[in-house]
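Visitor: Using UniProt numbering, read the sequence shown as starting at 1 and increasing by one per residue.
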Amino acid sequence: MTHFQPTYARQAFPCFDQPNFKSKFLVKLVRPSEGYSALSNMNQVKEIPDSPKTGLTTVEFQESILMPTYLLCFVISDFQRLPPIQITQRFPFSVYSTPFQEVTESFVKADSTAKKSKKYDDYRWDVPITYITGSNNEVHRAWFMSDMESLSIDCPASEPWVKFNYRQIGYYRVNYDPTEWKKLSDVLYTDENVFKPSDRAHLLEDAFKLADSGLLDYETPLELSQFLEKETHFVPWATAYNIFSFLHDMLNHSKTYPKLRKYFTNLVKKAYDDLGWEVKDNDSYLRKRARSIVLRLACEFGHQECLKEVGQRFSAWILSPEERLHPDIRDIIY
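1. If I measure Cβ to Cβ from T113 and keep anything under 6 Å in the same chain, skipping five residues before and after, which residues do I get?
2. Which whole-angstrom value describes the C-beta separation of L275 and T239, a residue pair presumed to lie in contact below a C-beta threshold of 8 Å?
3. Quick one: give me the first and last residue of the alpha helix (DSSP H) that F246 is part of.
4. For N136, write down the residues that DSSP places opposite it in a beta bridge.
5. By the DSSP assignment, the beta strand (DSSP E) with F264 in it spans what residues?
6. State the DSSP-derived secondary structure class of V279, mapped to helix, strand or coil.
7. Do R289 and F244 come within 8 Å of each other at the CB atom, strictly closer than that value?
8. Taking D273 as the reference, give the member of E305, V194, I318 and E34 with the closest Cα.
9. Just to confirm, is the Cβ distance from P236 to L228 under 8 Å?
10. Which ranges would you report for the beta strand (DSSP E) in the region 294-321 if only whole runs of at least 3 residues count?
11. From what residue to what residue does the alpha helix (DSSP H) around R124 run?
12. State yes or no: is the C-beta of Y70 within less than 8 Å of the C-beta of P6?
13. In whole angstroms, what separates the C-alpha of residue 339 from that of D17?
14. Between the region 191-208 and the region 158-167, do at least 3 Cβ pairs fall closer than 8 Å?
15. Could you pull out every residue in the same chain whose Cβ sits closer than 6 Å to the Cβ of H303, ignoring the five residues on either side in sequence?
16. Helix, strand or coil, according to DSSP, for E219 in the structure here?
17. Exposed or buried, which one is L286 when buried takes at least 16 other CB atoms within 10 Å?
18. From which residue to which residue does the alpha helix (DSSP H) around residue 335 run?
19. Please list the terminal residues of the continuous beta strand (DSSP E) segment that includes E60.
20. Classify W181: buried if its beta carbon has 16 or more other beta carbons within 10 angstroms, exposed otherwise.
What follows is the structure, given as structure tokens:
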């Protein structure tokens, strides 16, 4: 597996591998015929068995677009893969894995070394249930025991709203009916300080993860995310950054992406204006982290003021290298 960035292509073939030199590449790879696959930037054109000799296969790929050498890549491996899935309109998406890990379409266990065992099929555990309501800030607690099929919690109809998994201390997702999601969304937008930063982040993450799983319409998390227009705290923005970066990567070639980008740049505007580019000595650690995330997100989604500022600060640094950029914003500008 190659990794030519920034200037390692010269170790694979004779070339000028500075980024300003660009070429088209026609790749042919030779792999063992049994148990191995070959990949490169472009689509495979054909395979020639027993070439250049018995037991080997020559794989030819389409000619690449014009690009610098560091973008060229090729892989010869014994990785296994799942069947391709069509995530975007332009190209399929495949998942590859090393052979020691069983490749399945259910990504539940995080530990890649865990062996599949039937003893987990019926395993159950006790779940601590915590929740708060709109009438007071008291934390209510209940236990969903392992021998219980369901748990009913009485909540007066007069309660304006109820929010489960207080401060996200439990390892479970929480889904609500559409009416309750709308109530929580309205509360977040009108007064985000009703919930602690961890709860604001939790609602955002649960809504998008449930939508990713097909258990919730994307309209719900997108509507809920409007509270970010007023948000400046690090914790919700850290969650938002992970969510929006994923959506950016998955949808940046789709027809709906321009609308999505416009929506995200509107969300980040207030935080961008509030946090700004100047790192002050009395800034808290969380404020510095929030600034880094918000500036990066703004630039990634094409916020014009952000891009303009990056260009100006980079040009100023080029002209006066002794004026060093602050470490908190240096990698954003580079």
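Note that CB positions come from ideal geometry on N, CA and C, so glycine has one too. Since this is a predicted model, take the numbers as computed values, not measurements.
Guide: Let me spell this out:
1. Caution is warranted here: a pLDDT of 48 is assigned to T113, below 50, making its placement in the model unreliable, and the coordinate value is therefore given only provisionally. Excluding positions up to five away in sequence, the list is empty.
2. Contact doesn't hold; Cβ gap of about 17 Å is too wide.
3. F234 to L251
4. T133
5. Premise fails: F264 lies in the alpha helix (DSSP H), Y257 to L275, not in any beta strand (DSSP E).
6. coil
7. no
8. E305
9. yes
10. none
11. Premise fails: R124 is in no alpha helix (DSSP H) and is neither H nor E.
12. yes
13. Shown here, the chain extends from 1 to 334; a query on residue 339 therefore has no answer.
14. yes
15. T265
16. helix
17. exposed
18. Any property of residue 335 remains undetermined from this structure, which presents the chain solely from 1 to 334.
19. L56 to F61
20. buried
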